[in-house]
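> Sequential numbering of the sequence shown, starting at 5, is according to this note's numbering.
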Amino acid sequence: MEHYEIIVIGSGPAGRRAAIQAAKLGRSVLVIENRLRVGGVSVHTGTIPSKTLRETVLNLSGWRERGFYGLAYRVKKDIEGKDLGARLRMTLDHEIDVLEHQFARNGVKVVAGKARFTDAHTIAVRNGDDQDLLFSADNVVIAVGTAPYRPPHIPFNDTSVFDSDNVAAEPRVPKSLTVVGAGVIGLEYATIFSAMDVPVTLVEPREQFLEFIDREIIEEFVHELRKRGMQLRLGVKVDAVEIDKAGWTISTLSDGRRIRTEMLLYAAGRVGATAGLGLETCGLAADDRGRLKVDPKTFQTNVPNIYAAGDVIGFPSLASTSMEQGRIAACHAFGAPIPPAPDYFPYGIYAVPEISTVGLTEAEVKAKNIPYECGIARFRETSRGHIMGLQGGMMKLIFSLKTRRLLGAHIIGEGATELVHIGQAVLNLKGTVDYFVENAFNYPTLAEAYKIAALDAFNRMPPRVVAAPGIGPAAEV
5 MEHYEIIVIG SGPAGRRAAI QAAKLGRSVL VIENRLRVGG VSVHTGTIPS
55 KTLRETVLNL SGWRERGFYG LAYRVKKDIE GKDLGARLRM TLDHEIDVLE
105 HQFARNGVKV VAGKARFTDA HTIAVRNGDD QDLLFSADNV VIAVGTAPYR
155 PPHIPFNDTS VFDSDNVAAE PRVPKSLTVV GAGVIGLEYA TIFSAMDVPV
205 TLVEPREQFL EFIDREIIEE FVHELRKRGM QLRLGVKVDA VEIDKAGWTI
255 STLSDGRRIR TEMLLYAAGR VGATAGLGLE TCGLAADDRG RLKVDPKTFQ
305 TNVPNIYAAG DVIGFPSLAS TSMEQGRIAA CHAFGAPIPP APDYFPYGIY
355 AVPEISTVGL TEAEVKAKNI PYECGIARFR ETSRGHIMGL QGGMMKLIFS
405 LKTRRLLGAH IIGEGATELV HIGQAVLNLK GTVDYFVENA FNYPTLAEAY
455 KIAALDAFNR MPPRVVAAPG IGPAAEV
């Protein structure tokens, strides 16, 4: 039996970061991955495939140039599944190559197979030859990620009814599409296909979606979706799905409507991929959605030598936060110092248009009874927006009236997930509206929207009071 100081189950964002961090601390590390190639859900079916698909669609459809050349503009007239798949395979191969090189460079050993605990320190790995290999470890990190929730009344067949993992495996361009679930994944795929002018119907049982995003941003988002013809069916459930003689799907909704489309994507939730791990043998138990409970500061489970990180522990289920969770878990396992986590981290939703946000929403500011002011900038107000032909997109900044500090930055539109990091830095460094007003931004850039939004708020805020040197009383500026 081979022994390691730490075994990491899963090689997605949390697993890879935990493994590499432990290796950099000089520890012996084994990664167990149930796929033939490393990368986990993030590389093979989740983050990288969906974002690659998005970029391919935006390029081939000419989406970004339609502000200049009209709605009929196309780079490629008839986009097919093979067009989408070609770039996807190249991207995945590159990602896997980089990750394998990182593991090799840091001395991380990788074993392919399905892992299960036999006790808190011993793991059996069923390999491709149907044999069990035994490994022991001082510490274990569970980073197995999640799998799509597949309710029994949905007839998944991978030809007309898909889940969010297999829809990207062999991309197709259907004549019409129903998407069930208006979470992050459902919205991303719905808007990606809509950008190819595929008629899309989005079904969501809740009256609202993305409740953690500022409502003004969501209102702008919904307006954009309706403007391009997407059908939103909110507050209704899918009671049944049938497949007709032509192979098309017929969805019966709780309000009596029936929707017939060539393809259906079911993206209403995911469950932790903990089934088969033998958690009962090591004193762990998952909840009804397969998730594990951990200490939110150390990511340690109730079994001291076992940690869990990434999507398997639930919200926020972001690749960026999963990486940090894995790193912190490895540091804690070996007594390495852990710097305090920043107060705020950004969310990125790669829909079309994309959304990114950091800090408090306006509703949260109100709930905390903080006196505040908002500033708005439209991308079409910037010179860069004119150059790019942007018709939509906006930035919303929220400032405290008492301290003048930035409380939240919320963006929708082209480049939102890149732009948000300026707001993130100012927010975590406790910067104020005066930073944006007094500093110069590259021109012409979309980042100029920060100054426009800040000035919009600044002009309605009470004057800043400062001490006048050598004069005595404070002066208003």
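Glycine included, each C-beta is placed from N, C-alpha and C at the ideal position.
From a predicted model like this one, the values you see are computed outputs, not experimental measurements.
At a cut of 8 Å, does the segment 187-205 reach the segment 341-350 through at least three beta carbon pairs?
no
> Tell me the rounded alpha-carbon separation between valine 481 and arginine 468.
Low confidence applies to valine 481: its pLDDT is 45, below 50, so where it sits in the model is not reliable, and the reading given next is rough at best. In a straight line, the C-alpha of valine 481 is about 5 Å away from that of arginine 468.
> Is the Cβ-Cβ distance between threonine 305 and leucine 296 less than 8 Å?
yes
> As a quick exercise: from Thr265, Tyr354, Gly239, Glu246, pick the residue whose alpha carbon is nearest that of serine 180.
Thr265
> Under the assumption that isoleucine 380 contacts methionine 398 (Cβ atoms under 8 Å), give the Cβ distance between them as a whole number of angstroms.
6 Å
> Just to confirm, is the Cβ distance from alanine 141 to histidine 125 under 8 Å?
yes
> Going by alpha carbons, who is nearest to proline 320 out of Ile36, Gly111, Arg130, Gly187?
Gly187
> Going by the CB atoms, is the gap between valine 145 and glycine 19 shorter than 8 Å?
yes
> Where does histidine 48 land, buried or exposed, given buried means 16+ other C-beta within 10 angstroms?
buried
> Going along the chain, which unbroken runs of the alpha helix (DSSP H) with 4 or more residues stay wholly within the segment 174-206?
188-199
> Would asparagine 463 be called buried (16 or more neighbouring beta carbons within 10 Å of its own) or exposed?
For asparagine 463, the number of other beta carbons within 10 angstroms of its own is below 16, and it is reported as exposed.
> Could you check whether the segment 328-342 touches the segment 353-372, counting it as contact only if at least three pairs of C-beta atoms, one from each stretch, sit closer than 8 Å?
no
> Should proline 341 be labelled buried (16 or more other beta-carbon atoms within 10 Å of its own) or exposed?
Exposed, because fewer than 16 other Cβ atoms sit within 10 Å of the Cβ of proline 341.
> Let me make sure I understand the geometry here. Which of Ala367, Lys55, Leu322, Thr386 has the alpha-carbon closest to that of valine 356?
Lys55
> Roughly how many angstroms lie between the CA atoms of alanine 461 and isoleucine 402, to the nearest whole one?
8 Å
> For proline 308 and glycine 260, what's the separation of their Cα atoms in angstroms?
52 Å
> Taking the DSSP output, what are the residues bridged to valine 47?
Its beta-bridge partners do not exist; DSSP assigns none.
> Following the continuous alpha helix (DSSP H) through tyrosine 454, name the residue where it begins and the one where it ends.
First-last of the alpha helix (DSSP H) with tyrosine 454: 452-462.
> For the beta strand (DSSP E) holding lysine 118, just list the boundary residues, first then last.
118-123
> If we define contact as Cβ-Cβ less than 8 Å, is arginine 262 a contact residue for chain D?
The chain labelled as chain D is not found in the depicted structure, where only one protein chain is given.
> Output needed for glutamine 428: all residues of its chain with C-beta closer than 7 Å, excluding positions within five of it in sequence on either side, in chain order.
Tyr348, Pro350, Val362
> How many angstroms separate the CA atom of arginine 39 from the CA atom of threonine 436?
48 Å
> Whole angstroms are fine: how far does the CA of alanine 90 sit from the CA of glutamate 99?
15 Å
> Would you check if the segment 272-281 and the segment 152-164 touch, i.e. whether three or more CB-CB distances between them fall below 8 Å?
yes
> What's the gap between the Cα of valine 369 and the Cα of isoleucine 221?
15 Å
> Please classify glutamate 228 as buried or exposed, where buried requires at least 16 neighbouring CB atoms within 10 angstroms.
buried
> Whole beta strand (DSSP E) runs in the segment 285-313 with 3 or more residues, listed along the chain?
310-312
> Return the Cβ separation of leucine 238 and glutamate 211 in integer angstroms, given the expectation that the two are a contact with Cβ distance under 8 Å.
6 Å
> Looking at C-alpha atoms only, which residue of Gly318, Gly314, Gly352 is the closest neighbour of alanine 334?
Gly314
> Could you check the C-alpha separation between arginine 58 and histidine 105 for me, to the nearest Å?
27 Å
> Under 8 Å by Cβ, that's how I've got valine 245 and isoleucine 158 pegged, so tell me the actual separation to the nearest angstrom.
5 Å
> According to DSSP, what are the bridge partners of histidine 414?
Answer by DSSP bridge pairing, in chain order: Thr361, Lys400.
> Threonine 122 to alanine 22, Cα distance in whole Å?
Roughly 22 Å separates the two Cα atoms.
> Short check: CB of isoleucine 416 to CB of phenylalanine 225, under 8 Å?
yes
> Do glutamate 377 and methionine 267 have their beta-carbon atoms positioned less than 8 Å apart in this structure?
no
> Terminal residues of the continuous alpha helix (DSSP H) containing arginine 93?
85-109
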